[in-house]
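In the UniProt record's numbering, the protein residues as written are 1 to 639.
A short worksheet on the structure shown next.
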């Protein structure tokens, strides 16, 4: 620094100005040049591309084109699935020690090429510290070693499709890929725009670490339906997704009915509460707000909830801390337009602004706090992207918890208080997967992140995050099926296609069944019925054609009864499951005959299906009794 500035060390310490930093991306540029700045798919251990494929540009933060990626077609997806199926056979036959050795070597390879990984992530707007990726590889190498010892009853799913949205970070991508590989699965990665380049580089580094060809495949494309095409391939056994809720919902609709198990982590769309009670260390709390709310890229959206008795103090300290802060770069100009519209709408609803400086032009925006908002405001329910933080107030601690649960999401929450009793009670009452006390955004592979409600249905990280990539050894994988076409736009409102048969035959009058909702038999609100057909086409029964209101009634009934079921002792829940298994066992012959009639399979196969159900109920009844009802997918994490 002395060679580039005439200022003394004393002057620098007095002014605390930023010094020069290296912005060279020479290593990443060299890797891109080696591939002629057109990157194809990574299939069967090598890059492959064809001349007749369309390409998609990858841009940096300044909208400059960095390189292009090739867009996959159906035959490329089939090739990747076939390669993964062969790779799974090789990878799963290796011992736990051999798989762990590959992942440990990957950590060493990442260390050697850390500069290239860091530069490429920076170019593609998916910044991450290489040390974090190295820690991931080391952590899951240990689990690869211990799988058979600690989870002897579980086996890998098979071929796993990992799909992420365009703005998902490389960290959350590897939080899916590495545990899947550690458990012995083969993986097909469908990256987003920001993770395409790092994913292709990491696939190459995996090969350097000694992973067998075909175990890790990467297919890129511009179509949102690419992930669905991969999941619909009959050689794919499991689908897991991480990213935004809108993309995840579209993927779920496209794959529904194909018989592919799915799990979703919707953390990028999650709105998380940052709750400051009057017993908090306010200086530390305000520092935490500044650290997490005004970063260039945030993993979650945040809403600041402050108790009214300290609201004025917190606002004053926020103004002091925000004074002189620079504008934060945005991903695109479109994000700037979204922020402008959200801020204008909030001001029309009575919000006041705290800004570090006046807004400029272009894809930049100053750190902004929206004060005086109502909980129903759009900026609170769905905060805009960028450095904008909604602030709402509450009177009592109970009201603060209620505001924290106001969002339909349930990813995480950060609460600030010096009262340990209040912290524990609030953490238990918040309907979120993780609660940070007097801190925020604590990330480590050993800490499970489990979304609740609209934040997803699976756990990533920790031992709990491994089970989504495993299945019980006595449980066969689900066969693929062809789904019936469903128009979700008019579901529950379209007229039933059931036609009243002509004539009358007393011997062929089908039996009519009602819906079972809330412990009672109920008629469908739609007033229509659907036919249940035998394999030969004969009508076996008439069932209600459920609509939107029927679905709502079923969900409301489940929500109403869940707290009471949860409060029952593990022994009581266990006995209920044992009773259900016993009732199923007494009717096993009738159920087997019913399955045979409806599906056309042999009676022996139908009896095996019934026996599998009885065994499954008995297994979970035993686990409920012996493990106090604990399951791998629902844990409370307080940090």
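We treat Cβ as the ideally placed atom computed from N, Cα and C, and that holds for glycine.
Residue pairing of residue 242 in beta bridges, as defined by DSSP: 164, 265.
Looking at the DSSP output, residue 515 shares a beta bridge with 522. DSSP, read as helix, strand or coil, puts residue 612 in helix. With fewer than 16 other Cβ atoms inside 10 Å of its own Cβ, residue 567 counts as exposed. According to DSSP, residue 471 shares a beta bridge with 155.
In this structure, the straight-line span from the alpha carbon of residue 138 to that of residue 84 is close to 24 Å. In this chain, the alpha helix (DSSP H) harbouring residue 111 covers 96 to 112. Exposed is the label assigned to residue 538, since fewer than 16 other Cβ atoms lie within 10 Å of its Cβ.
Residue 86 sits close to residue 214, with the two beta carbons spaced by under 8 Å. The three-state secondary structure of residue 555, taken from DSSP, is helix.
DSSP links residue 368 through a beta bridge to 355, 388. With 16 or more neighbouring CB atoms inside 10 Å of its own CB, residue 229 falls in the buried class.
Apart from sequence neighbours up to five positions away, the residues of its chain that approach residue 513 with a beta-carbon distance below 8 Å are 541, 542, 543, 544, ordered along the chain. Taking all protein chains in view, the Cβ of residue 265 is crowded by 16 or more other Cβ atoms within 10 Å, so the residue is classified as buried.
Excluding sequence positions up to five before and after residue 141, its CB lies within less than 6 Å of the CB of 100, 103, 104, all in the same chain and listed in chain order. Ranked by Cα distance from residue 365, the first of 355, 194, 373 is 355.
When the Cα atoms are used, residue 249 and residue 453 turn out to be separated by approximately 14 Å. According to DSSP, residue pairing for residue 217 in a beta bridge involves 188. Nearest in C-alpha terms to residue 373, of all of 388, 360, 367, is 388. The C-beta of residue 154 has 16 or more other C-beta atoms within 10 Å across all chains shown, which makes the residue buried. With respect to the C-alpha of residue 279, the residue from 208, 417, 89 having the closest C-alpha is 417. Taking all protein chains in view, the Cβ of residue 398 is surrounded by fewer than 16 other Cβ atoms within 10 Å, so the residue is classified as exposed. When the alpha-carbon of residue 528 is set against those of 535, 547, 169, the nearest one is in 547.
Distance between residue 8 and residue 321, taken at the CA atoms: about 27 Å.
By the Cβ rule, the region 183 to 193 counts as touching the region 153 to 168, because three or more pairs are nearer than 8 Å. According to DSSP, residue 452 shares a beta bridge with 410. In this structure, residue 414 sits near residue 440, with a CB-CB distance shorter than 8 Å. Taking all protein chains in view, the Cβ of residue 434 is crowded by 16 or more other Cβ atoms within 10 Å, so the residue is classified as buried.
In this structure, the alpha-carbon of residue 385 lies about 31 Å from that of residue 160.
Following the DSSP letters along the chain, one finds residue 48 inside the beta strand (DSSP E) bounded by residues 46 to 48. Pairing residue 411 with residue 461 gives a Cβ-Cβ distance that is not under 8 Å.
Rounded to whole angstroms, the gap between the alpha carbons of residue 239 and residue 269 is 19 Å. The Cβ-Cβ distance between residue 274 and residue 328 does not fall below 8 Å. Residue nearest to residue 212 within the set 90, 284, 312 is 90 (criterion: CA-CA distance). By a beta-carbon distance limit of 8 Å, residue 309 does not contact residue 56. Their separation comes to about 53 Å. Residue pairing by DSSP puts residue 533 in a beta bridge opposite 539.
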